[in-house]
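Participant: Structure incoming, see below.
Number of protein chains: 2
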Amino acid sequence: MARRTTIYDIAKELDITAASVSRALNNNPKISESTRKLVIETAAKMNYKQNKLALALRSGKSFNVGVIVPRIDSNFFASVIRGIEEELYGHKYNVIICQTHEDEKREFENINTLLNAQVDGILMSVSSISSQDFSVEIDRIIKRVVEKNVPLIFFDRKKSIEGVSSVTINDFEVSYLATKHLIEQGCTRIAHFKGNQFLEIFKNRFDGYRQALIDSGIEFDENYVIETRSTIVEGANAVKTLMKLKSPPDAIFSSGDFAALGAIQQLKSDGIRIPEDFCVVGFGNEPFTDFMELPMSTVNQVPLEMGKMAAKVFLERINKTGNLKASNQVVLTSELKIRESSLRAEVYK
Amino acid sequence: MARRTTIYDIAKELDITAASVSRALNNNPKISESTRKLVIETAAKMNYKQNKLALALRSGKSFNVGVIVPRIDSNFFASVIRGIEEELYGHKYNVIICQTHEDEKREFENINTLLNAQVDGILMSVSSISSQDFSVEIDRIIKRVVEKNVPLIFFDRKKSIEGVSSVTINDFEVSYLATKHLIEQGCTRIAHFKGNQFLEIFKNRFDGYRQALIDSGIEFDENYVIETRSTIVEGANAVKTLMKLKSPPDAIFSSGDFAALGAIQQLKSDGIRIPEDFCVVGFGNEPFTDFMELPMSTVNQVPLEMGKMAAKVFLERINKTGNLKASNQVVLTSELKIRESSLRAEVYK
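The listed protein sequences derive, respectively, from chains U and C. Number 341 in full-length UniProt numbering belongs to position 341 of the first sequence; there are no gaps in the numbering. Number 280 in full-length UniProt numbering belongs to position 280 of the second sequence; there are no gaps in the numbering.
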């Protein structure tokens, strides 16, 4: 491996300090014009290539932005990232991505990795909280990010931390609407697949569901609420549990599309007709929901728009433009997509 | 923003050079034990925190590995990345991901970004080649990566460059098998959706298809071959073109699943029965292929295994273990998944 010329080599050649070389190369006014010229000529002669990152270490700008997501293989997160990229590329920022697989230890390591890579900002969606122990570590490193003045923007899954902006959707309202829609279809025993309640988005979805029941005079029944991760397997298992109840539900509002898909597959294999006997609404608008045999009702979380908005908030922060306070906690309006899985023929035909 | 203590501050405090401070902090034997002790004590007193990246700049190890893919929102690439992560996490490496959106300029910028972030290796799947002009730039930066001795490993979509390892699947053989399977189902006018022929994988898939026709005594007909990107829209459009031929095809072997899905949707909306009138085989084993109304035949490209193998080749390279020559060009065996879209009832019932 050919050794690269460093500022130390140039310093030695000219018998000045490395700090002076560095300052000369970075046009620091403390350095005389004659020294500056000499350093630049010597650097060229010695084939010195200024390392962009070494420059970043000194100037504090790398034009790299880090994005942390629980997983890249969900259409939602991939679309948010595309939105971020579309907004940032025009401003010469490159985007580097890390995924946590819902593991807080990896979330911590990812933040560290991005800080060490000298990113100019971090845009992240937090992982499900598994251990209270590790969340202390996460909070500590997030505090360090805030102290270092590295703009940090949460999207979708946020924590409420001072100095940290966020871009989310109206989870409570759209969940309220989804549940109301099921009630209007004639469903009376509506179950809910709830996500990790440490995450605000899932708490808001649960609260919206419960409030819609209460406002419609339907008694809230704890037995109809099952905590699931949004996977096909957990959705199918949750349905098995629900159908064993004395009075099984006649609808599910799931806080995730994959769990809803698992539920539909299980219901079908049990011979239950959808939507005649049972209605299902998911959350996320994953592409498969639209080209299933029976297209699934779901919530479009406007991911592209969310990514673009998160990037805009970052640009405002880094460029110190715009009304920071106003843009600090952005809430976007999502869209309930009603499709066949919750649209009863007898009602609408 | 509080200014961080740098090695220059410590150097000034002790009236020695920054290079000496750096050497002392990194236990360079050129520095006397007494100086080393003094530097470390002063650094602690001044609350100096060694920057992991600055350390990386000197030691040449960051324990970050960069992965570049055309897109993260395909199950194939997401699964390869998961395989890479699973293999590397045990060895303390963090993975950072960049996507190119099939844009060579971004591919170039991504390589640059990762080099500047001081990654210890780059694992990449190249983008479709759009302009010959820019591929010169790409080749130049790849040459730089090789010269810097940063291990570079191609997976799936490779270029043949000296000093660069690759992990691929047996594209020719499995495409041959897929075409033979369609012939066995009684199809005689088999079309092919071919990918960008600058990429070896797509060339191999096309060659496997053609060879199977020739070996079966079926005349190869250029009109049945359409170049498409693997998107639903392009697949649907390609079918429209094919069905206008005097003698339209009775089967498609597509080099990508999304184009195959578009084809199936278009064929269905034209009232053509699958598999009775028309058989379709895709490529990629995207999850949707299995839970479509009519599950689609496709090729499992063993992405998890591919990711793990690419990571193993990287570890061998960085640790200089193993038989490098033998592992240089790894070809994994993929699997033809025969499902309803190409399985004719009258033949097998």
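Idealized CB from N, CA, C, for every residue including glycine.
State the start and end residues of the unbroken beta strand (DSSP E) segment that holds Ile-122 (chain C).
Facilitator: It spans 121-124 - the beta strand (DSSP E) in which Ile-122 (chain C) sits, taken as one unbroken run.
Participant: By the criterion of Cβ-Cβ separation under 7 Å, what are the contact partners of Glu-293 (chain U) in chain C?
Facilitator: Simply Glu-293.
Participant: In chain order, what residues of the same chain have a beta carbon less than 8 Å from the beta carbon of Leu-332 (chain C), not counting five sequence neighbours either side?
Facilitator: Taken in chain order, the residues that qualify are Val-167, Thr-168, Ile-169, Asn-170, Val-302, Glu-305, Met-306 and Met-309.
Participant: Run through DSSP, which three-state label would residue 350 (chain U) get?
Facilitator: For chain U, the structure presents residues 1 to 349; residue 350 (chain U) sits outside this window and is missing.
Participant: Residues of chain C with CB under 8 Å from Glu-109 (chain U), in chain order?
Facilitator: Correct list: Asn-94.
Participant: Mapping DSSP to helix, strand and coil, what is Lys-268 (chain C)?
Facilitator: Lys-268 (chain C): helix per DSSP, three-state reduction.
Participant: Is any beta-carbon of chain U found at less than 9 Å from that of Ala-251 (chain C)?
Facilitator: No, Ala-251 (chain C) does not count as interfacial toward chain U.
Participant: Which residues in the same chain as Val-150 (chain C) place their Cβ atom closer than 8 Å to its Cβ, once the five residues preceding and following it in sequence are excluded?
Facilitator: Closer than 8 Å at the Cβ level, and outside the excluded window around Val-150 (chain C), lie Leu-115, Val-119, Asp-120, Gly-121 and Ile-122.
Participant: If we cut at 9 Å on Cβ distances, does Arg-106 (chain U) have a partner in chain C?
Facilitator: Yes, Arg-106 (chain U) lies at the interface with chain C (some Cβ there is under 9 Å from its Cβ).
Participant: Give me the Cα-Cα distance between Ile-318 (chain U) and Glu-200 (chain U), rounded to the nearest whole angstrom.
Facilitator: Cα to Cα, Ile-318 (chain U) sits roughly 26 Å from Glu-200 (chain U).
Participant: As a quick exercise: from U:Phe-258, U:Lys-240, U:Lys-246 and U:Glu-286, pick the residue whose alpha carbon is nearest that of Ser-269 (chain U).
Facilitator: If we check each option's Cα against that of Ser-269 (chain U), U:Lys-240 comes out closest.
Participant: Can you list the beta strand (DSSP E) stretches of 3 or more residues lying completely in the stretch 201-277 of chain U, in chain order?
Facilitator: Fully enclosed beta strand (DSSP E) runs of 3 or longer: 225-227 and 251-254.
Participant: Quick one: list the residues of chain U neighbouring Asp-73 (chain C), beta-carbon separation under 7 Å, in chain order.
Facilitator: Simply Asn-75 and Ala-78.
Participant: On the premise that Glu-234 (chain C) lies in contact with Ala-259 (chain C), defined as a C-beta separation below 8 Å, what is that separation, rounded to the nearest angstrom?
Facilitator: Right, their Cβ atoms sit about 6 Å apart.
Participant: In whole angstroms, give me the CA-to-CA distance for Glu-227 (chain U) and Val-80 (chain U).
Facilitator: Roughly 25 Å separates the two Cα atoms.
Participant: Note down the Cα distance separating Ile-68 (chain U) from Glu-137 (chain U), rounded to an integer number of angstroms.
Facilitator: If you take the alpha carbons of Ile-68 (chain U) and Glu-137 (chain U), they lie about 16 Å apart.
Participant: What number of angstroms, rounded off, separates the C-alpha of residue 356 (chain C) from the C-alpha of Cys-187 (chain C)?
Facilitator: This structure gives no information on residue 356 (chain C), because the portion of chain C shown stretches from 1 to 349.
Participant: Is the stretch 18-38 of chain C close to the stretch 30-47 of chain U, with three or more CB pairs under 8 Å?
Facilitator: Taking 8 Å as the limit for Cβ pairs, the verdict is that the stretch 30-47 of chain U does not touch the stretch 18-38 of chain C.
Participant: If you draw a straight line from the alpha carbon of Arg-273 (chain C) to that of Thr-231 (chain U), how long is it in whole angstroms?
Facilitator: Spanning the two alpha carbons is a distance of roughly 33 Å.
Participant: Can you check which of these residues, C:Ile-97, C:Ser-127 and C:Phe-314, is closest to Thr-113 (chain C) by C-alpha distance?
Facilitator: That would be C:Ile-97, whose Cα lies nearest to the Cα of Thr-113 (chain C).
Participant: Tell me the DSSP secondary structure of His-192 (chain U) in three-state form.
Facilitator: It is a strand residue.
Participant: Any chance the stretch 139-156 of chain C sits against the stretch 172-185 of chain C, with 3 or more Cβ pairs inside 8 Å?
Facilitator: No, the stretch 139-156 of chain C does not touch the stretch 172-185 of chain C.
Participant: Is it right to say Glu-162 (chain C) is buried, meaning 16 or more other beta carbons lie within 10 angstroms of its own, or is it exposed?
Facilitator: By the neighbour-count rule (16 or more Cβ atoms within 10 Å), Glu-162 (chain C) is not buried but exposed.
Participant: Give the secondary structure of Val-69 (chain C) by DSSP, where H, G and I count as helix, E and B as strand, and everything else as coil.
Facilitator: It is a strand residue.
Participant: Return the chain-ordered list of same chain residues with a C-beta closer than 8 Å to the C-beta of Pro-248 (chain C), the five sequence neighbours on each side being excluded.
Facilitator: The residues are Arg-189 and Leu-242.
Participant: Check each candidate in C:Gly-282, C:Ala-311 and C:Asn-94 and name the one with the smallest Cα separation from residue 392 (chain C).
Facilitator: There is simply no residue 392 (chain C) to check, as chain C begins at 1 and stops at 349 in what is shown.
Participant: Would the beta-carbon of Phe-283 (chain U) be found less than 8 Å away from any heavy atom of the ligand GTP?
Facilitator: This structure simply doesn't include the ligand GTP, nor any ligand for that matter.
Participant: Note down, in chain order, every chain C residue with its Cβ under 9 Å from the Cβ of Asn-64 (chain U).
Facilitator: Simply Thr-113, Asn-116 and Ala-117.
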